[in-house]
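Chemist: Let me give you the structure first, and then I'll get to my questions.
Protein chains: 2
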Amino acid sequence: MEFLKVLSISEVINLIGSFPKLDIEVVPIEEALGRVLAENIYAPEPVPHFRRATMDGYAVRARDTFGASESMPALLEIVGSVEMGKAPTCVIGPNQAASIPTGGAVPDGADAVVMVEYTTLIDESTIEVYRPVAPGDHIMAPGEDISEGSLLFEAGRILKPQDIGTLAGLGITEVRVHRKPRVGIISTGDEIVDHATKGPLPVGSVRNVNSFFIAGLCQEVGAQVGMGTLISDNKEILHEACINSAKYNDVVILSGGSSVGIRDFTLRVFQELPESRILFHGVAIKPGKPTILATNNKTYFWGLPGQPTSALIVMFALVCPFLLAIQGVNPSFPFSKAVIEANLASRVPSVHGREDYVPVKLVKQGDKWVARPIFGKSGMISLLTKADGFITIPEHTEGFEEGSIVIVNLI
Amino acid sequence: MEFLKVLSISEVINLIGSFPKLDIEVVPIEEALGRVLAENIYAPEPVPHFRRATMDGYAVRARDTFGASESMPALLEIVGSVEMGKAPTCVIGPNQAASIPTGGAVPDGADAVVMVEYTTLIDESTIEVYRPVAPGDHIMAPGEDISEGSLLFEAGRILKPQDIGTLAGLGITEVRVHRKPRVGIISTGDEIVDHATKGPLPVGSVRNVNSFFIAGLCQEVGAQVGMGTLISDNKEILHEACINSAKYNDVVILSGGSSVGIRDFTLRVFQELPESRILFHGVAIKPGKPTILATNNKTYFWGLPGQPTSALIVMFALVCPFLLAIQGVNPSFPFSKAVIEANLASRVPSVHGREDYVPVKLVKQGDKWVARPIFGKSGMISLLTKADGFITIPEHTEGFEEGSIVIVNLI
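Top to bottom, those sequences are chains G and F. For the first sequence, our numbering puts the final residue at 411, and the numbers step up evenly by one. For the second sequence, our numbering puts the final residue at 411, and the numbers step up evenly by one.
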């Protein structure tokens, strides 16, 4: 197969980084989990906004407790009781105290909280204090937790549950995030039949596999996915399907069969779409070389290789990071759910100038993980679930020796 | 504070493991991403179900190519052309061949595929073959990818994108999974005000933080979450709210304020719910000791500590694994999105008989990660986002020395 415009992985990474981000929309924080911030967020107010007790005890003037001990306790008059959630109703003068719960507002006059454990209630209006406290003890000053105007989150952050909690705590009810990409998936291939086709299938047919994991991975990086119908290897029908899908979607992913014919169709269909440009046709990665990306400046058109393992690798290597990038994330290549360090079980050679992705199975030996490269024949789908992850061999190295420490991207 | 029934972390883990799983429902595979299989799945048919070519070339009888070389090619008659997705229309006899694409069905009579690279088309009905092939070369036998009846996935597996692809490939259109837990969150606390309350807040008030990250974490482990309104520290209202929430939910999480009063209320309200039992009141973990779990055999009632960091840790340590367990997963404790190995930046002491969770910040030094324990005053919410993860100090150890290799659970 001839490739029209082969890019190295670093050229593709630069290209994807140059794409404009999707529009910004405002969402309530209840719906912002996993969304990508389109702006820096600064604290609109200090937290706490009042002097807050961090222990149950008594608000006091620290100087009144200096020198206090078991044998010579300080005697203080109780002049009030701070209630949770309420402003204090008393002011602490010399040798006075007010009971206060953790989280309560420290009354004026007091500059420390003495823990309840170091006090004894003598009568309803008197306590003995057995230990001295220093000014500021067990008090959180206004802004000590979060200072007003400080940077909370940077644009491009994928919001986590605890981020939503922090936003709520600061009274931020909505955030500006990038729109979710809408992805249409078109499946083609004369040999591909719908997954609901009952077996035994006719000789030569296989069910649609790729569209399903492509859809799942797109969802995992925040895209909204529409699954199109299967279409046969017909250039006109494919052209029509691309044009239709582009009406509703930001991204169209063509999941082709593995025949030579369909690969050629994909390129020609992409070339003939109105105002389209081929951004690349061929990437210096293995597997996944026959990947195509085209655009008409409104919609991106991806053509993926037909082999299931190749298509899966291209999703991790390129398409998922791309979908994150247009949502405003500064993505890592490849997309990674989690990584683990492992010892490589056998030598994996590679070729200079090409990035290799090698599926591996992880096996625990003692307290170490061992990564065993797995290989299979072209078109095998069992590799999809046999592999726990993959390792990448960068373009400027010639492989890894047995026993090398490698980073495994879990899939 | 007195604890009624303190359990060790291993007792809680055993207890949670004994809970019945949620009902089973049938979902189409398009909606099964992230769901938990309720049954083992076996391959209903072999993959491939026909002899499939794994290279573009010619289907031949291997014996007809024995001894073939550049100088003495084998001359074969082309008797057909296999089309993608179609049953072959020819049979290969002695010294015959049929062109075949990758993925095509190998015709009867042929026992190998010779790669197109090692052939020359002499005329429209004749090829020269330059290299011998062995029987089986470049053919995937029926069942070689997945054998009929083999175990594909075990019950308890959380379905990944590539699993959905494999199910599709085998014509499995629906799967039996455990129902998603329905979780109701009740927020209480006299000092807590709605997150939408505009600042500056009255002295003593804080906005609701915990309900938001609790909701987000529940969603991340597959639960459907309903967020209740805020209620004040009133035992009768709390009782009523628990009873109402239990009508619609499998799990009710009470996210309390941090006052002493509300903690006592929670226990008493749980005790007084019809037919309820307190499963534990107090867990030997730090932070998070004042966690309560009760049940009326239909609904679980969790009472979480009010401190944001404590509540977050309890979600990771106990509630998320619990939500996975009742969905049929054999969960790990604590719940972990991803882990990373790091060197501990400073000594962290602990106490025998208690499991400690220490928030850490990760810093890259050279090619190693260093985990710096972070501490903060009670009630700080900035820790929620300052921490990259946490380390656990098991109940039977007394802490870690500076420089120890620790496993950091990313949050």
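All C-beta atoms in this analysis are idealised placements derived from N, C-alpha and C, irrespective of residue type, glycine included. Since this is a predicted model, take the numbers as computed values, not measurements.
1. Would you be able to state if there are at least three C-beta pairs under 8 Å between the segment 72 to 92 of chain G and the segment 202 to 222 of chain F?
2. Pair every Cβ in the segment 275 to 292 of chain G with every Cβ in the segment 6 to 14 of chain G, then say whether three or more of these pairs are closer than 8 Å.
3. So for F/G17, helix, strand or coil by DSSP?
4. Return no unless some Cβ of chain G is closer than 8 Å to the Cβ of F/M140.
5. What does the alpha-carbon distance come out to for the pair F/A246 and F/H195?
6. Listed from N- to C-terminal order along the chain, which residues in the segment 43 to 74 of chain F have their beta-carbon within a distance smaller than 8 Å of any beta-carbon of chain G?
7. Short of 7 Å in beta carbon distance, which residues of its chain neighbour F/K368, apart from the five on each side in sequence? Order them along the chain.
8. Tell me whether the beta-carbon of G/E31 lies closer than 8 Å to the beta-carbon of G/R179.
9. What does F/N208 reach in chain G if we use C-beta pairs closer than 7 Å?
10. What does a CB cutoff of less than 6 Å around F/Y300 pick up in its chain, not counting 5 residues either side in sequence?
11. Could you tell me the alpha carbon to alpha carbon distance between G/I164 and G/P28, rounded to whole angstroms?
12. I want to verify the contact list: residues of chain G whose CB lies under 7 Å from the CB of F/G115, in sequence order.
13. Rounded to whole angstroms, what's the CA-CA distance from G/E272 to G/L15? Just pull it up for me.
14. To the nearest whole angstrom, what separates the beta carbons of F/L267 and F/I292, a pair I think is in contact under 8 Å?
15. Looking at chain G, is there any beta carbon in it that lies within less than 8 Å of the beta carbon of F/T229?
16. Would you report the Cα separation of F/V12 and G/I393, rounded to the nearest angstrom?
17. Using the beta-carbon count (16 or more within 10 Å), is G/L76 buried or exposed?
18. Should the segment 56 to 72 of chain G be called in touch with the segment 34 to 42 of chain G, which here means at least 3 C-beta pairs below 8 Å?
19. Quick one: what's G/K247 bridged to in DSSP?
20. Which residues in chain G have a C-beta closer than 7 Å to the C-beta of F/G85? List them in chain order.
21. Could you give the first and the last residue of the continuous beta strand (DSSP E) run that contains G/V370?
22. Along chain A, in chain order, which residues have C-beta atoms closer than 7 Å to that of G/T197?
23. Going by CA-CA distance only, name the one from F/R131, F/S125, F/H49 and F/L121 that's closest to F/V113.
24. If you measure beta-carbon to beta-carbon, which residues of the segment 215 to 247 of chain F are closer than 9 Å to chain G?
25. State yes or no: is the beta carbon of F/G104 nearer than 8 Å to at least one beta carbon in chain G?
26. For G/P161, decide whether its Cβ has a neighbour in chain F, counting only Cβ atoms nearer than 8 Å.
27. Following the continuous beta strand (DSSP E) through G/E220, name the residue where it begins and the one where it ends.
28. Quick check on G/E355: buried or exposed, where buried means 16 or more other Cβ atoms within 10 Å of its Cβ?
29. Using the three-state DSSP reduction, which class does F/L279 fall into: helix, strand or coil?
30. F/G288 and F/T188 - do their beta-carbons sit closer together than 8 Å?
31. What does the Cβ neighbour count give for G/L279, buried or exposed, with the cut at 16 atoms within 10 Å?
32. Give the residues of chain F in contact with G/L333, contact being defined as C-beta atoms less than 7 Å apart.
33. With a threshold of 8 Å between beta-carbons, can G/K377 be considered close to chain F, or not?
34. Between the segment 8 to 29 of chain G and chain F, which residues of the former have CB atoms less than 9 Å from a CB of the latter, in chain order?
35. Which chain G residues are close to F/S187, counting only those with a beta carbon under 7 Å from its beta carbon?
36. Is the shortest distance between the beta-carbon of G/L463 and the beta-carbons of chain F less than 8 Å?
Modeler: This is what the structure gives:
1. By the Cβ rule, the segment 202 to 222 of chain F counts as touching the segment 72 to 92 of chain G, because three or more pairs are nearer than 8 Å.
2. Flag = yes, the segment 275 to 292 of chain G and the segment 6 to 14 of chain G touch.
3. On the second sequence, position 17 is the one that residue 17 of chain F refers to. Per DSSP, reduced to three states, the secondary structure at F/G17 is helical.
4. The residue you call residue 140 of chain F lines up with position 140 of the second sequence. Answer yes: the Cβ-Cβ gap between F/M140 and chain G drops below 8 Å somewhere.
5. What you label residue 246 of chain F is simply residue 246 of the second sequence in a count that begins at 1. What you label residue 195 of chain F is simply residue 195 of the second sequence in a count that begins at 1. So the alpha carbons of these two residues sit roughly 24 Å apart.
6. Residues P44, E45, V47, P48, H49, F50, R52, T54, M55 and D56.
7. Translated into the one-based positions of the second sequence, residue 368 of chain F becomes position 368. For F/K368, where only same-chain residues beyond five positions count, the Cβ hits under 7 Å are N343.
8. Here residue 31 of chain G refers to the residue found at position 31 of the first sequence. Here residue 179 of chain G refers to the residue found at position 179 of the first sequence. Contact flag unset, no.
9. Within the second sequence, residue 208 of chain F is the residue found at index 208, counting from 1. Think of a sphere of 7 Å around the beta carbon of F/N208: the chain G residues whose beta carbon falls inside it are A168, in chain order.
10. Within the second sequence, numbered from 1, the residue matching residue 300 of chain F stands at position 300. In its chain, beyond the 5 residues on either side, V251 have a beta carbon closer than 6 Å to the beta carbon of F/Y300.
11. The residue you call residue 164 of chain G lines up with position 164 of the first sequence. The residue you call residue 28 of chain G lines up with position 28 of the first sequence. Cα-Cα distance, rounded: 10 Å.
12. Start at 1 with the first residue of the second sequence, and residue 115 of chain F comes out as number 115. Per the sequence shown, the amino acid found at residue 115 of chain F is Met instead of Gly. Close partners of F/M115 in chain G (Cβ separation under 7 Å) are lacking, with about 12 Å as the shortest Cβ gap.
13. Residue mapping note: residue 272 of chain G aligns to position 272 of the first sequence, counting from 1. Residue mapping note: residue 15 of chain G aligns to position 15 of the first sequence, counting from 1. Per the coordinates, the alpha-carbon of G/E272 lies some 22 Å from the alpha-carbon of G/L15.
14. As a first step, residue 267 of chain F must be located in the second sequence, where it is residue number 267. As a first step, residue 292 of chain F must be located in the second sequence, where it is residue number 292. So it is a contact: roughly 6 Å between Cβ atoms.
15. As a first step, residue 229 of chain F must be located in the second sequence, where it is residue number 229. Judged by the 8 Å Cβ criterion, F/T229 is not in contact with chain G.
16. To locate residue 12 of chain F, count along the second sequence from 1; it is residue 12. To locate residue 393 of chain G, count along the first sequence from 1; it is residue 393. Looking at the backbone, the Cα of F/V12 and that of G/I393 are separated by about 44 Å.
17. Working through the first sequence from its first residue, we reach residue 76 of chain G at position 76. Burial check for G/L76: the Cβ neighbour count within 10 Å reaches 16 or more, so the residue is buried.
18. Not touching, per the Cβ criterion.
19. In the first sequence, residue 247 of chain G corresponds to position 247, counting from 1. In DSSP, G/K247 forms no bridge with anything.
20. Sequence index remark: in the second sequence, residue 85 of chain F carries index 85 (1-based). D190, E191, G204 and S205, listed in chain order.
21. Stepping through the first sequence from its first residue, residue 370 of chain G is reached at position 370. The continuous beta strand (DSSP E) containing G/V370 extends over residues K368 to P373.
22. Note that chain A does not occur in the displayed structure, where the protein chains are G and F.
23. Taking the second sequence and counting its residues from 1, the one referred to as residue 113 of chain F is at position 113. Comparing Cα positions, the closest option is F/R131.
24. When C-beta distances to chain G are compared with 9 Å, the residues of the segment 215 to 247 of chain F below that value are A215, G216, L217, C218, Q219, E220, M227, S232 and D233, in chain order.
25. Taking the first residue of the second sequence as position 1, residue 104 of chain F is located at position 104. True, the Cβ-Cβ gap to chain G drops below 8 Å.
26. Residue mapping note: residue 161 of chain G aligns to position 161 of the first sequence, counting from 1. For G/P161, the closest Cβ of chain F is nearer than 8 Å.
27. Here residue 220 of chain G corresponds to residue number 220 of the first sequence, with the count starting at 1. Run containing G/E220: none in the beta strand (DSSP E); it sits in the alpha helix (DSSP H), N210 to E220.
28. Sequence index remark: in the first sequence, residue 355 of chain G carries index 355 (1-based). The residue is buried, with at least 16 neighbouring Cβ atoms inside 10 Å.
29. In the second sequence, the residue the question calls residue 279 of chain F occupies position 279. Three-state DSSP puts F/L279 in a strand.
30. Within the second sequence, residue 188 of chain F is the residue found at index 188, counting from 1. Within the second sequence, residue 288 of chain F is the residue found at index 288, counting from 1. No, the pair does not count as a contact, with Cβ atoms beyond the cut-off.
31. The count along the first sequence starts at 1 and reaches residue 279 of chain G at position 279. In this structure G/L279 is buried. Its beta-carbon is surrounded by 16 or more other beta-carbon atoms within 10 angstroms.
32. Translated into the one-based positions of the first sequence, residue 333 of chain G becomes position 333. The sequence as given places Phe at residue 333 of chain G; Leu does not occur at that position. The contacting residues do not exist; G/F333 stays about 18 Å from chain F at best.
33. By one-based count along the first sequence, residue 377 of chain G stands at place 377. G/K377 belongs to the set of residues whose beta carbon lies under 8 Å from a beta carbon in chain F.
34. The residues in question are I29.
35. Residue numbering aside, residue 187 of chain F sits at position 187 when the second sequence is read from its first letter. Neighbours of F/S187 on chain G: none; closest Cβ ~11 Å, over 7 Å.
36. Summary: the structure shown does not reach residue 463 of chain G, with chain G confined to residues 1 through 411, and so no result is reported for it.
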